[in-house]
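A.B. asks: 1454 is the number of the first residue of the sequence shown in this note's numbering; add one for each residue after it.
Below you'll find the structure I mean.
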Amino acid sequence: YGTRYYADYRELLARDELTGVFVGTEPTRHLEVVAEATAHGKHVLCDKPIALTLAEADEIINLAQEADVKLMVPFNPRFQLPLIKVKAALESGEAGELVSVFAIKYGKLPTKIPGPADYSWLVDPQQAGGGGFLDIGIHAVDALRWLAGSEASRVYAHIGASLYEGLPVDDIGTMTVEFENGVVGALSAGWANPDSYPTWLDVRFEILTTKEAFLIDSPYHDYWCYGPDRAERQYWWRRDVDGLVNEFARAILEDRQPAISGEDARAALAIALAAYDSSASGEVVALNYQVARAATCNFKQLA
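Here is the structure:
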């Protein structure tokens, strides 16, 4: 594409004309790269998960604050048109009160994704930290919290390597989360799509309110809204990547905080870590979640 590239990212960060950067490395290297980027005064769009422990997430957030730069994590579902419409209907009261959200987010096993790119690091616990539930599910975890408009209070989950033999990380997980305002969320996420599936990644939401039910199916771009006296169907196109990149750029140009903050990413990570701890212990985990506890989560024991 005629774009300049660098063997060492530090050379890129040294360019004075660059305002912001995307950190798309393995999660185990996020802190290292963000530290370099903020030291050079660059605004940071850091891929998910923000880190693998809450302690590292806090370090990343503090680095951005001390350098007075923007920090954003690209949770795509927040920029999908159907969810934007549902969120607006909830905030306006048109849809009534939110009762529950059920999300399914499945992808193909990274080593089977077609194309020249090598995604094998995603099944390496030394590089990715977690497996399919963390890789795929963290987007939907944030979406559940965003739609609920509340912090999580309790989590129960079962996560493991159930689909592929010999995988060193988890490949699928199911989680139930209760929020402080009484909303209940459920999520099934992981590398569950078989080779024959038409897309490598998809997400579905079933959202129940006191007035309506919403069904969102991303592979076929369907959006259904069922009300007491109507049923509405729309097709939508995936423009979530455009939306999140534009939001990051506008936040820089307008000198404001991005729609998704480092604290939002930390909250999603806390829920995910609680899910892994719940699966390991077989118990419900409360979300008065401490950094020390999060730092001891062992993703390998769930493989």
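Beta carbons are placed, not taken as given, at the ideal position from N, Cα and C, and that holds for glycine.
Small disclaimer: the values here were computed from a predicted structure and weren't measured.
1. Is residue 1515 near the ligand ATP, going by C-beta to nearest heavy atom under 8 Å?
2. Below 8 Å on the Cβ atoms is my guess for residue 1492 versus residue 1476; work out the distance and round it to an integer in Å.
3. Check whether the segment 1468 to 1487 and the segment 1507 to 1527 are in contact - that is, three or more C-beta pairs closer than 8 Å.
4. Under three-state DSSP, which class holds residue 1609?
5. Ignoring anything shorter than 4 residues or poking outside the segment 1627 to 1676, list the alpha helix (DSSP H) runs there in chain order.
6. What number of angstroms, rounded off, separates the C-alpha of residue 1732 from the C-alpha of residue 1588?
7. By Cβ distance, which residues of its chain are closer than 6 Å to residue 1627, with the 5 residues on each side in sequence left out?
8. Quick one: any contact between the segment 1516 to 1523 and the segment 1541 to 1548, if contact means 3 or more CB pairs under 8 Å?
9. Using the Cα positions of residue 1613 and residue 1527, report the straight-line distance between them to the nearest angstrom.
10. Using C-beta distances below 6 Å, list every residue in its chain close to residue 1637, excluding the 5 sequence neighbours before and after it, in chain order.
11. Cβ of residue 1600 within 9 Å of Cβ of residue 1536?
12. Taking Cβ to Cβ, would you say residue 1738 is nearer than 9 Å to residue 1607?
13. Using alpha carbons as the reference points, say which of 1474, 1581, 1693, 1704 lies closest to residue 1504.
14. Just reading off the alpha helix (DSSP H) that residue 1701 is part of, what are its end residues?
15. With distances taken from CA atoms, which of 1629, 1671, 1663, 1525 is nearest residue 1735?
16. Tell whether a beta-carbon distance below 9 Å holds between residue 1718 and residue 1530.
17. For residue 1739, list the residues DSSP reports as bridge partners.
18. Tell me the rounded alpha-carbon separation between residue 1556 and residue 1591.
19. Could you tell me if residue 1706 is buried or exposed, where buried requires 16 or more neighbouring beta carbons within 10 angstroms of its beta carbon?
20. Take residue 1620 as the anchor and find which of 1564, 1633, 1708, 1570 has the nearest alpha-carbon.
21. Go ahead and pull the three-state DSSP assignment for residue 1495.
C.D. replies: With the structure as the only source:
1. In terms of ligand content, the structure shown is empty, and the ligand ATP therefore cannot be addressed.
2. Against the sequence shown, residue 1492 aligns to sequence position 39. Against the sequence shown, residue 1476 aligns to sequence position 23. With 8 Å as the limit, residue 1492 and residue 1476 do not qualify as a contact, their Cβ atoms being about 13 Å apart.
3. Touching, per the Cβ criterion.
4. The count along the sequence shown starts at 1 and reaches residue 1609 at position 156. DSSP places residue 1609 in strand when its eight states are reduced to three.
5. none
6. Locating residue 1732 in the sequence shown gives position 279, counting from the first residue. Locating residue 1588 in the sequence shown gives position 135, counting from the first residue. Distance between the alpha carbons of residue 1732 and residue 1588: 16 Å.
7. Indexing the sequence shown from 1 puts residue 1627 at position 174. Result list for residue 1627: 1611, 1641, in chain order.
8. As far as the Cβ criterion goes, the segment 1516 to 1523 does not touch the segment 1541 to 1548, which means the pair count is below three.
9. Residue mapping note: residue 1613 aligns to position 160 of the sequence shown, counting from 1. Residue mapping note: residue 1527 aligns to position 74 of the sequence shown, counting from 1. Going by the C-alpha atoms only, they are around 26 Å apart.
10. Residue 1637 sits at position 184 when you count from the first residue of the sequence shown. Within the same chain, residue 1637 has close Cβ partners 1553, 1631.
11. Residue mapping note: residue 1600 aligns to position 147 of the sequence shown, counting from 1. Residue mapping note: residue 1536 aligns to position 83 of the sequence shown, counting from 1. Taking 9 Å as the Cβ cut-off, residue 1600 and residue 1536 qualify as a contacting pair.
12. In the sequence shown, the residue the question calls residue 1738 occupies position 285. In the sequence shown, the residue the question calls residue 1607 occupies position 154. Note that the C-beta distance between residue 1738 and residue 1607 is below 9 Å.
13. As a position in the sequence shown, residue 1504 is number 51, starting the count at 1. For the residues 1474, 1581, 1693, 1704, the minimum Cα distance to residue 1504 belongs to 1581.
14. Along the sequence shown, one-based indexing puts residue 1701 at 248. 1693 to 1706 is the extent of the alpha helix (DSSP H) around residue 1701.
15. Residue numbering aside, residue 1735 sits at position 282 when the sequence shown is read from its first letter. Ranking 1629, 1671, 1663, 1525 by CA distance to the CA of residue 1735 puts 1629 first.
16. As a first step, residue 1718 must be located in the sequence shown, where it is residue number 265. As a first step, residue 1530 must be located in the sequence shown, where it is residue number 77. No, the pair does not count as a contact, with Cβ atoms beyond the cut-off.
17. As a first step, residue 1739 is located in the sequence shown; it is residue number 286 there, counting from the start. DSSP output for residue 1739 lists 1607 as bridge partner(s).
18. Taking the sequence shown and counting its residues from 1, the one referred to as residue 1556 is at position 103. Taking the sequence shown and counting its residues from 1, the one referred to as residue 1591 is at position 138. Straight-line Cα distance between these residues: approximately 11 Å.
19. As a first step, residue 1706 must be located in the sequence shown, where it is residue number 253. By the neighbour-count rule (16 or more Cβ atoms within 10 Å), residue 1706 is not buried but exposed.
20. For the purposes of this step, residue 1620 is taken as the residue at position 167 of the sequence shown. The residue among 1564, 1633, 1708, 1570 with its C-alpha nearest the C-alpha of residue 1620 is 1564.
21. Residue 1495 sits at position 42 when you count from the first residue of the sequence shown. Residue state, collapsed to three classes: coil.
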